[in-house]
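Here the protein sequences line up with chains A and B, keeping their order. 249 is the number that numbering that gives the first Met the number 0 gives the last residue of the first sequence; the numbers go up by one with no jumps. 215 is the number that numbering that gives the first Met the number 0 gives the last residue of the second sequence; the numbers go up by one with no jumps. Positions of the beta carbon are idealized from the N, C-alpha and C atoms, including for glycine. So the structure is just underneath, and the comments pick up after that.
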Amino acid sequence: MAEPAVNVKLIKERLAFLKGGRFKAWLEICAHCAYCSDSCFFYLAHDKDPKYMPAYKVKQTLDKLYKKKGEVTWEELEKMADIAYGDCTACRRCSLYCPFGIDVAVMIAAVRGILCGQGLAPKGLQDAAKHHWETGNQMAITEEDFVETCKWMEEESEEEMPGLKIPIEKKGAETLYVLNAREVKFYPQDIAEAAMILYAAGEDWTFPDLGWDMTNLAMFAGNAQVMAHSAKLVYDAAKRLEVKKIITSE
Amino acid sequence: MYQFVTGPMAWIAFGIFFLGMAVKVVSLFYLTREKDKVVFNHFSWQWSLKSIIRWLIPFGSRSMREKPLFTIITFSFHICLLITPIFLLSHNIILEERWGISLWTLPESVSDILTIVVIVTVVFLALRRIALADVRIVTSAYDYLLLAITAMPFITGFLAYHQFSNYKFWLIFHILSGEIMLIAIPFTRLSHIFLFFMTRAHIGSEMGQRRGAATW
């Protein structure tokens, strides 16, 4: 099978866009001192295999992209995807170990953005981002299904807590409750349990009918457009319903 | 030759060093303001200073404590590297002759020892690059070149001071290598002598002001 063509123009644009003062300084002054090695649990968990040390991960990805001015092969990009998605969780611990405070995770996230633009983000993350963009939640649950599930859980809780309601899109409520789409799809009893707690606590709360999924898998994929969209759905719901605070599950 | 390296060449080297660094720091600042606004929306002088000071103190950070030998070596290296040329007797004599100013100076026997410390620690840093797998994997010829550029003024200065064979040759070589180092600073990673403060201020604020986490 022939390898897909690399969109070099797009990579060049991203690289130029990303090159602010931080990346410029960080990429230049990294002294390759290896203080960062011991901060990385990938490195420690692989019996100190040097290929997992943070500075090397940057050297193999973002640094390489700048040195080659974005002119890389598909094979090289695939290797970078293995590193950016597979060998780093972007936990930022290495930036606490670095004498210059170089934020490796931010650079890895930038690499993910570039790879995502080439369609190289892991399939699961790409699908979730697509769903979030199209339906407002990562699991493509329809508004009808969401409302149904809430009604069902309301009925289920009736015996234990008479009078319990699961309000949806109640304008002027005090609190907006948002959750993980997984709970709606696979663990609906989580909704009932959260509703019981909120009811027992006497909270004036509501779900929104759109923007109730607070997960942001697009962020992990490196898809900035959907990442912003997903966060904005929750933000817009809070504005629309004039709530004072947002509670998230998990 | 001596006239050239101590005359126009010296002016050029110091000019490139000071001007180059000024241009670099200012342009990075403006580039950051234009493209990395995130750096400024949580900037804090308090967290910046804490982050800088902690990292200027030996064993001030967790990572320094985890690698004690390396920490001792790098601190000895950096301290001697800065102190020796500035407070060296012969450098201050030249300053006195030319401009009529001079600083407090180190006894010559002390500056001799500090010079040896620089040379020994550079050798250690080079050996460390070869010996440790995690350092070796990120090391390239460029890293050794920068170590050589930094060490050369000290090696040649040591040889000149002790008048090994051809004094005139070592002296000119010493002055020239010092000038090469000054010129290299704004264009290489050696610029960290100034950028250290900027990047540390950023991460100190980013972690501290934004989420109350210490970066040391």
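Integer-rounded CB distance, given that residue j should sit under 8 Å from residue i
i	j	result
A:P207	A:L240	6 Å
B:L146	B:A125	6 Å
A:A193	A:S248	6 Å
B:R127	B:V137	About 12 Å separates the two Cβ atoms, so there is no contact after all.
B:D5	B:I174	The question names Asp, but residue 5 of chain B is Thr in the sequence shown. Yes, they are in contact, since the Cβ atoms of B:T5 and B:I174 sit about 6 Å apart, within 8 Å.
A:L114	A:A80	5 Å
A:L296	A:L197	Since the first residue of chain A shown is 0 and the last is 249, residue 296 of chain A is not available in this structure.
B:S190	B:I184	6 Å
A:N222	A:A83	The Cβ separation is near 13 Å, so there is no contact.
A:M52	A:C35	6 Å
A:I167	A:V183	Not confirmed; about 12 Å, so no contact.
B:W169	B:S50	Going by Cβ atoms, the distance from B:W169 to B:S50 rounds to 42 Å, so no, they are not a contact pair.
A:K244	A:T174	5 Å
B:S62	B:S204	That belief does not hold up - the Cβ atoms of B:S62 and B:S204 are roughly 19 Å apart, past 8 Å.
A:W151	A:L178	That pair is no contact at about 15 Å.
According to DSSP, residues forming a beta bridge with residue i
i	result
A:T72	Partner(s): none; A:T72 has no beta bridge.
A:D212	A:L178
A:W204	A:T174
A:I167	A:F206
Residue i - DSSP class collapsed to helix/strand/coil
i	result
B:F16	helix
B:W215	coil
A:K244	strand
A:T141	coil
A:G20	helix
A:P161	coil
A:A120	coil
A:R13	helix
A:G278	The structure shown has nothing for residue 278 of chain A, since chain A only spans 0 to 249.
A:H45	coil
A:D189	helix
A:Q125	helix
A:R91	coil
B:H161	coil
A:D86	coil
B:Y143	helix
A:M226	helix
A:D235	helix
A:D81	helix
A:E2	coil
A:T148	helix
B:M8	helix
A:I101	coil
B:I136	coil
A:K63	helix
A:G135	coil
Beta carbon proximity, residue i to chain D, threshold 9 Å
i	result
A:I82	Here chain D cannot be found, since the structure's protein chains are A and B.
Cβ-heavy atom distance, residue i to the ligand FAD, below 8 Å
i	result
B:L102	By its list of ligands, the structure shown contains no ligand whatsoever, and the ligand FAD lies outside what it can speak to.
Scan the region 74-109 of chain B and note each continuous alpha helix (DSSP H) run of 4 residues or more that stays entirely inside, going in chain order. 88-98
Would you check if the region 195-212 of chain A and the region 8-24 of chain B touch, i.e. whether three or more CB-CB distances between them fall below 8 Å? Three or more beta-carbon pairs separated by less than 8 Å are not found between the region 8-24 of chain B and the region 195-212 of chain A, which leaves the two stretches without contact.
Taking contact to mean at least 3 C-beta pairs separated by less than 8 Å, is the region 12-25 of chain A in contact with the region 104-120 of chain A? Yes, since at least three Cβ pairs between the region 12-25 of chain A and the region 104-120 of chain A fall closer than 8 Å, the two stretches touch.
Counting Cβ pairs closer than 8 Å, one from the region 110-124 of chain B and one from the region 69-80 of chain B, do we hit at least three? yes
If we count Cβ pairs, one from each stretch, closer than 8 Å, do we get three or more for the region 131-145 of chain A versus the region 79-94 of chain A? no
Report yes or no: do three or more beta-carbon pairs, one from the region 149-156 of chain B and one from the region 171-191 of chain B, lie closer than 8 Å? yes
Would you be able to state if there are at least three C-beta pairs under 8 Å between the region 36-47 of chain B and the region 188-204 of chain B? yes
Secondary structure, alpha helix (DSSP H): runs of 4+ residues fully inside the region 29-79 of chain B: 44-55, 61-65
I'd like to know if the region 91-100 of chain B and the region 50-61 of chain B are in contact, where contact means that at least 3 CB-CB pairs between them fall below 8 Å. no
Does the contact criterion of 3 or more C-beta pairs under 8 Å hold for the region 99-112 of chain B versus the region 3-13 of chain A? no
Ignoring anything shorter than 4 residues, give me the alpha helix (DSSP H) runs that lie fully in the region 166-211 of chain B, in order along the chain. Correct list: 166-186, 191-210.
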